[in-house]
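Residue numbers (this note's numbering): 310 to 952.
The C-beta atom is built at its ideal place from N, Cα and C for all residues, glycine as well.
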């Protein structure tokens with residue numbers, strides 16, 4: 310009898326062991342599936358599985374940590390993260406292996422996630438205490454990368470307390486069911502002329518791209534253009550150029566974000582094309598916009614040489630139609646944290662962007678920075694409640710930036726696109742200056758040789774530069790009150806100026822000024838210099854030593870010399886090559902010198918000018934001889950001798 314009972318006990322024990330082993334194997338498979346969804350940012354799917362695992366393993370802090378982080382990525386459910394993250398802090402340790410099924414501990418950054426959840430729910434005091442606790446736990450050996458971000462979030466909570474005391478004066482109006490056709494409608498990209506809008510509809514695991522155009526001042530029913538752009542649905546709208554014929558697209562390629570472009574022709578969009586390696590790198594690029602004239606690209610990237618995280622860069626369009634080397638906008642705009650989704654106003658004078666740095670109230674906030682003397686001024690937080698303690702991105706300004714299109718939460722897992730009107734406490738008057746430039750030749754086509762400058766006569770600052778429409782001669786400016794001078798110029802034509810004073814007593818908000826430019830009788834037309842095909846230029850082995858200068862260093866006119874050296878002189882650079890050529894190719898130019906620097910370039914230059922004004926005059930004379938306008942001025946310094 311005892312033997313029978315003993316055998317029965319063993320059978321029961323083995324049955325339970327097998328059952329437990331099967332349950333553990335099933336839970337491991339659940340965990341792997343949830344981790345896969347989490348890796349691909351499918352947070353709702355991942356969370357459903359983590360919740361099942363939480364019922365099976367209610368004491369597992371790692372699962373609770375995962376659930377909390379999933380909720381923090383699901384719109385309108387972020388505050389649900391708090392109880393799970395609170396529970397997970399009871400068993401949080403440095404070195405927790407969060408990707409392992411057998412890990413029962415949460416990592417220490419569960420405190421950072423909990424602080425974020427408190428901040429998003431506007432429980433700012435608890436958020437500050439939780440961030441401080443996290444910072445305390447990281448002291449000593451438990452160091453983590455970017456720990457200074459904790460201080461930034463603590464400061465953001467303090468900023469929020471102050472900024473939320475005063476509400477921004479604004480109105481909003483939904484674009485209605487005609488545009489907001491699904492639950493999540495976001496990333497509105499609107500052309501500078503205000504006539505075309507492209508936006509993204511979130512269809513769960515896939516995105517759809519829609520386009521609407523204004524007809525008689527109203528948005529038309531949207532047309533889906535996803536299949537025109539790509540054979541895949543993993544793309545998102547980024548921005549449109551001024552006339553709505555060029556669309557920039559964000560696409561994730563093997564976990565790396567890249568920027569693509571599509572052009573609109575004959576009523577359809579062509580397949581997206583990836584921008585070149587000056588823009589897209591092995592790092593992460595997330596957003597791009599182009600200036601009004603189409604010659605400057607602003608984009609975001611987290612490449613190594615930046616200030617930290619995502620930074621905003623600019624690139625100039627080259628003569629071959631590709632984008633040139635990227636230049637960081639610098640510390641006036643970029644911070645050690647992330648900057649993203651930049652947009653420009655119509656005259657390129659105000660930059661709107663989102664940042665986790667500067668004077669943020671938590672997460673990403675929307676900022677605006679004005680351009681003055683070709684430099685970006687200190688960014689300003691546009692204010693609460695458009696900016697919240699959560700992430701606020703993709704603010705698409707119109708015209709002068711007092712209106713915008715913006716996607717906002719309207720209900721449970723619902724986002725609609727709104728038109729926003731911003732008002733300051735003192736409403737600033739806005740004027741439009743417009744007109745037509747004409748010349749005696751009615752068949753003439755205008756180009757960039759006909760700039761129109763708007764000058765503030767008090768500060769002598771150039772507020773804006775416009776160019777007439779190629780065929781009609783139409784031009785326009787949008788500005789506020791002030792004392793202005795308009796300068797109308799054209800190569801081969803006499804310059805004209807107009808004075809203009811605008812204030813609250815000005816009778817009209819639209820000022821029409823038509824100007825007729827007359828030919829300049831003293832103008833000497835360009836001589837035609839034979840164009841050198843540099844691909845056929847024969848390289849020489851050496852340069853006459855009397856022409857070669859090796860003990861100097863050159864910099865662009867706008868480039869700052871950190872050593873604060875004295876400028877020896879200014880010169881005009883004709884060309885820079887790795888291999889030398891004979892100076893006889895520079896027809897009609899005397900006294901060509903070759904500067905050879907540490908960068909191993911042979912720089913063919915002419916002139917030793919004392920001032921930049923003299924150098925600019927010399928450059929103009931060379932251009933009038935028929936040389937391309939790509940020649941430019943260089944500052945020349947005595948070369949620094951390294952110790």
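Across the structure, residue 665 and residue 673 are spaced so that their CA atoms are roughly 5 Å apart. Going by DSSP, residue 481 is part of the beta strand (DSSP E) stretching over 478-483.
Taking the C-beta atoms as reference points, residue 608 is found nearer than 8 Å to residue 622. A direct Cα-Cα distance of roughly 21 Å separates residue 677 from residue 774. Residue range 712-720 is occupied by the beta strand (DSSP E) that includes residue 716. Residue 659 sits away from residue 603, with the two beta carbons spaced by 8 Å or more. Uninterrupted alpha helix (DSSP H) stretches at least 4 residues long and entirely within the stretch 416-443 occur at 419-429, given in chain order. Listed in chain order, the non-local C-beta contacts of residue 341 below 8 Å within the same chain comprise 410, local neighbours out to five positions each way being set aside. Within the stretch 733-794, the runs of beta strand (DSSP E) that reach at least 3 residues and sit entirely inside it are, in chain order, 740-747, 761-765, 770-775, 783-788. Counting along the chain, the unbroken beta strand (DSSP E) around residue 884 starts and ends at 876-886. Ranked by how close their Cα comes to the Cα of residue 505, the residues 556, 872, 771 have 556 in first place. Taking the Cβ atoms as the reference, residue 397 lies roughly 13 Å from residue 379, outside the contact range of under 8 Å. Annotation for residue 562: the continuous beta strand (DSSP E) segment containing it runs 555-562. Distance check between residue 743 and each of 365, 753, 431, 776 places 776 closest, using alpha-carbon atoms only.
DSSP, read as helix, strand or coil, puts residue 687 in coil. In the DSSP annotation of this structure, the continuous segment of the alpha helix (DSSP H) that includes residue 921 starts and ends at 921-933.
Scanning the stretch 614-685 for uninterrupted beta strand (DSSP E) segments of 3 residues or longer gives 620-625, 648-653, 659-664, 674-681, listed from N- to C-terminal end. The residue among 793, 758, 754, 860 with its C-alpha nearest the C-alpha of residue 769 is 793. With contacts defined as CB atoms closer than 8 Å, residue 571 and residue 559 fail to qualify as a contacting pair. A check of alpha carbon separations from residue 805 across 780, 408, 766, 760 identifies 760 as the nearest. In this structure residue 597 is not in contact with residue 642, their Cβ atoms being roughly 15 Å apart against a cut-off of 8 Å. If you compare the alpha carbons of 502, 523, 466 with that of residue 484, the shortest gap goes to 523.
Per DSSP, residue 356 is not a residue of any beta strand (DSSP E); the alpha helix (DSSP H) it occupies stretches across 352-365. Residue burial annotation: residue 732 is exposed, with fewer than 16 other C-beta atoms found within 10 angstroms of its C-beta. DSSP, read as helix, strand or coil, puts residue 541 in coil. With respect to the C-alpha of residue 415, the residue from 403, 720, 801 having the closest C-alpha is 403. Minimum Cα-Cα distance from residue 629 among the listed residues 781, 585, 352 corresponds to 585. Listed in chain order, the non-local C-beta contacts of residue 537 below 6 Å within the same chain comprise 577, 578, local neighbours out to five positions each way being set aside.
Assignment of residue 396 by DSSP, reduced to helix, strand and coil, places it in the helix class. Each of 909, 599, 606, 722 was checked against the Cα of residue 552, and the nearest Cα belongs to 599. Counting along the chain, residue 865 sits inside the beta strand (DSSP E) bounded by residues 861-865.
Residue environment analysis places residue 706 among the buried positions, since at least 16 neighbouring C-beta atoms fall within 10 angstroms of its C-beta.
Contact between the stretch 462-472 and the stretch 712-729 is absent: fewer than three C-beta pairs spanning the two stretches fall below 8 Å. Per DSSP, the beta-bridge partners of residue 797 are 761, 805. Taking the Cα of residue 791 as reference, the smallest distance to any Cα among 573, 800, 741 is reached at 741.
Taking a contact as a CB-CB distance under 8 Å, the pair residue 739 and residue 789 counts as one, their CB atoms being some 6 Å apart.
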